[in-house]
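Enquirer: Position 28, counted from 1, in the sequence shown is what our numbering calls 208; the numbers after and before it change by one each time, with no gaps.
The beta-carbon is built from N, C-alpha and C at its ideal position, and this holds for glycine as well.
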Amino acid sequence: MVFLIWIAPSKVKSGRSAVARIKLTERVIDRLAAPDPSGKQVLHWDADLKGFGVLCSGVTSSKTYIVQRTLPDGRTRRVTVAAANEIDLAKAREQAAEMLVELRKGRDPKTRSMTLKQTLEAYLKKYDSKLSDNSKANYKEKVTSYLSAWLDKPLNFITRDAVEKRHSEIAKEIAEAKRGKGETSANATMVVLRLLWNFAVEQDKSKSLPPNPVKLRKQWFPETRRDKIVEEHQMPVFYNAVLALKSDVARDYILFVLFTGLRRREAAMLKWEHVDFDAKLIRIPAQNTKAKRKLDLPMSDFVRNLLVARRSVGKEPSGYVFPSHGKKTGYIAEPKFPLDAVAKVCGVSVSVHDLRRTFITVAEQAEISPMTLKMLVNHAPGKDVTEGYVQVRMPRLRTDAQKVAELMKQLCVSVPVDDEKVAVLA
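Given below as structure tokens:
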């Protein structure tokens with residue numbers, strides 16, 4: 181959009197005249213004469229929004245929405261909003277109100293920043309190779325789902341008050357739709373907005389962007405760290421309910437995560453080319469891990485037997501160990517329905533990440549070293565200097581992985597599942 185800047189002199193130019201304020205409506209604007217019979221430009225000021233008006237040409241049929249305000253230094257600045265045939269009156273008045281606020285603060289609305297949409301696209305393009313597919317999808321989802329009204333808005337028109345209001349609205353909308361409390365999503369959306377704003381500041385050569393409007397976390401909804409696991413007394417019924425699943429892919433995927441502690445996508449994206457039966461290793465490439473570090477995970481006997489059984493079924497053309505024909509990805513993306521079915525049978529409702537948390541809990545109970553546990557679940561090493569020198573050998577990792585599997589198998593001692601409830605899984 182092109183903006184015209186005009187610094188008014190002490191008197192109105194002879195080639196331009198103004199009339200009394202009128203209540204501008206679409207109908208009124210249509211009836212305004214352009215070109216004006218006087219042959220001069222004529223300003224029609226809005227009676228509702230001070231400083232907003234329509235400028236009618238004295239030569240052509242053009243009508244233009246404009247704003248005008250006296251700056252802090254005493255000068256008068258006029259800025260074009262848009263041609264009257266480009267946007268409707270409501271949108272013009274909304275943009276005019278924002279521009280008038282900027283002028284009052286001494287900022288020049290002509291110097292516009294990137295829009296939120298442009299900022300998101302620029303960020304994803306610059307960091308494409310460094311971001312996981314999951315992170316990119318998450319950023320897009322948060323912005324397009326919860327900040328869609330701001331996509332085409334320049335960042336310097338997004339105020340702190342608007343951010344605080346939208347933060348509350350997101351949680352309210354999700355809660356009213358009965359999709360949870362919405363507070364975590366509201367906070368996560370603000371994290372993405374703050375990230376994009378900081379990126380835009382780095383790219384802003386004109387230094388026109390105001391301070392980041394997203395306040396510190398203390399202004400957000402409090403979040404409680406999740407600590408849900410499959411409890412020890414629940415393990416037998418949960419295990420048997422999983423075994424009773426009709427889908428062998430879902431069954432094996434859930435057990436695989438439970439006995440390896442891998443993250444959802446790390447397990448779901450596993451291909452046969454990553455499975456080294458000879459070395460008894462699962463070799464997950466760096467691009468498939470959250471930490472962007474490759475992971476060589478030793479197979480316990482349980483995991484190896486599970487993979488051998490899956491391999492005997494035959495390879496899918498996609499090459500995925502846990503394929504899904506109904507997904508564009510080609511792999512099982514989210515086993516929510518199988519886990520819901522398991523919950524109906526045994527009463528244990530958990531997510532995939534809860535299974536990872538369960539593995540870590542059992543591993544700690546098996547009394548393996550903290551350093552070994554970090555390596556098994558691909559957690560980043562600590563900042564301790566000594567820890568940086570420690571290199572755990574594969575034989576030690578394999579021994580501890582088997583130790584965890586043995587305890588897990590003990591906890592999963594077979595307990596019959598109610599036959600009537602098993603029917604739910606069919």
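How should His533 be labelled, buried or exposed, when 16 other C-beta atoms within 10 angstroms of its C-beta is the threshold for buried?
Expert: exposed
Enquirer: If we count the other Cβ atoms within 10 Å of its Cβ and call it buried at 16 or more, is His413 buried or exposed?
Expert: Answer is exposed; the Cβ neighbour count stays below 16.
Enquirer: Can you give me the C-alpha to C-alpha distance between Lys349 and Leu373, rounded to a whole angstrom?
Expert: For clarity, residue 349 is Glu in the given sequence; the question names Lys instead. Near 15 Å, if we compare the C-alpha coordinates of Leu373 and Glu349.
Enquirer: Do you know offhand how far Ser427's Cα is from Glu514's?
Expert: 14 Å
Enquirer: Find the nearest neighbour of Phe482 within the set Ala276, Trp452, Cys592 and Ala430, judged by alpha-carbon distance.
Expert: Residue Cys592 is the option with its Cα nearest to Phe482.
Enquirer: Quick check: the region 232-239 against the region 209-219, are at least 3 beta-carbon pairs closer than 8 Å?
Expert: yes
Enquirer: From the DSSP output, in three-state form, read off Thr253 for me.
Expert: Per the sequence presented here, residue 253 reads as Asp, with Thr not at that position. The answer is coil: DSSP assigns Asp253 none of H, G, I, E or B.
Enquirer: Starting from the C-beta of Lys408, find all residues in its chain whose C-beta is less than 6 Å away, skip the five residues before and the five after it, and write them out in chain order.
Expert: Asp534
Enquirer: Between the C-alpha atoms of Ile187 and Arg257, what's the straight-line distance to the nearest angstrom?
Expert: Any reading at Ile187 must be qualified, since the residue scores a pLDDT of 42, below 50, and its modelled position is unreliable; no value is offered.
Enquirer: Please state whether DSSP places Thr552 in a helix, a strand or coil.
Expert: helix
Enquirer: Could you check how far apart the C-beta atoms of Arg145 and Thr552 are, in whole angstroms? I think they sit under 8 Å.
Expert: Residue 145 is absent from the model: the chain starts at 181 and stops at 606.
Enquirer: Determine the DSSP secondary structure at His627, reduced to helix, strand or coil.
Expert: Because residue 627 is not part of the residues shown, which for the chain are 181 to 606, the question remains open.
Enquirer: In chain order, which continuous runs of the alpha helix (DSSP H) of length 4 or greater are located wholly inside the region 393-472?
Expert: 415-423, 428-440 and 444-448
Enquirer: Can you tell me where the alpha helix (DSSP H) with Phe482 in it begins and where it stops?
Expert: Asp481 to Val493
Enquirer: Taking the alpha-carbon positions, what's the Lys516 to Tyr245 distance?
Expert: 52 Å
Enquirer: Reducing DSSP to helix, strand and coil, say where Lys220 ends up.
Expert: coil
Enquirer: DSSP on Arg258, reduced to helix/strand/coil?
Expert: strand
Enquirer: Work out the CA separation of Leu461 and Val574 for me, nearest whole Å.
Expert: In the sequence under discussion, the amino acid at residue 574 is Met, which differs from the Val named in the question. Roughly 10 Å between the two C-alpha positions.
Enquirer: Looking at the secondary structure, which residues open and close the beta strand (DSSP E) in which Leu477 lies?
Expert: Leu475 to Pro478 is the span of the beta strand (DSSP E), which, as asked, contains Leu477.
Enquirer: Please classify Phe457 as buried or exposed, where buried requires at least 16 other C-beta atoms within 10 Å of its C-beta.
Expert: exposed
Enquirer: Using the beta-carbon count (16 or more within 10 Å), is Pro478 buried or exposed?
Expert: buried
Enquirer: Going by C-alpha distance, which of Glu446, His224, Val422 and Lys310 is nearest Leu519?
Expert: Val422
Enquirer: Does the separation of the CB atoms of Gly231 and Val208 fall below 8 Å?
Expert: no
Enquirer: Give the secondary structure of Phe502 by DSSP, where H, G and I count as helix, E and B as strand, and everything else as coil.
Expert: coil
Enquirer: Which whole-angstrom value describes the C-beta separation of Lys470 and Ser309, a residue pair presumed to lie in contact below a C-beta threshold of 8 Å?
Expert: Rounded, the Cβ-Cβ distance is 16 Å, inconsistent with contact.
Enquirer: At what residues does the alpha helix (DSSP H) containing Leu373 begin and finish?
Expert: Glu363 to Gln383
Enquirer: Could you pull out every residue in the same chain whose Cβ sits closer than 7 Å to the Cβ of Phe379, ignoring the five residues on either side in sequence?
Expert: Thr299 and Tyr303
Enquirer: Nearest CA to the CA of Leu450: which residue from Val501, Glu411, Arg359 and Arg578?
Expert: Taking only the C-alpha atoms, the option nearest Leu450 is Val501.
Enquirer: Near Lys322, what residues of its chain come up, given a Cβ to Cβ distance below 7 Å and the 5 sequence neighbours on each side ignored?
Expert: Ala368, Thr369 and Val372
Enquirer: Bridge partners for Pro334 per DSSP, in chain order?
Expert: Thr295
Enquirer: By DSSP, does Thr240 sit in helix, in strand, or in coil?
Expert: coil
Enquirer: What is the DSSP secondary structure of Asp226, reduced to helix, strand or coil?
Expert: strand
Enquirer: How long is the line joining the alpha carbons of Arg340 and Lys333, rounded to whole angstroms?
Expert: 14 Å
Enquirer: For Pro352 and Tyr326, what's the separation of their Cα atoms in angstroms?
Expert: The question names Pro, but residue 352 in the sequence shown is Lys. Approximately 12 Å, taken between the alpha carbons.
Enquirer: Output the distance between the C-alpha atoms of Thr205 and Leu269, rounded to the nearest integer angstrom.
Expert: The straight-line gap from Cα to Cα measures roughly 7 Å.
Enquirer: With H, G and I counted as helix, E and B as strand and the rest as coil, what does DSSP make of Leu311?
Expert: coil
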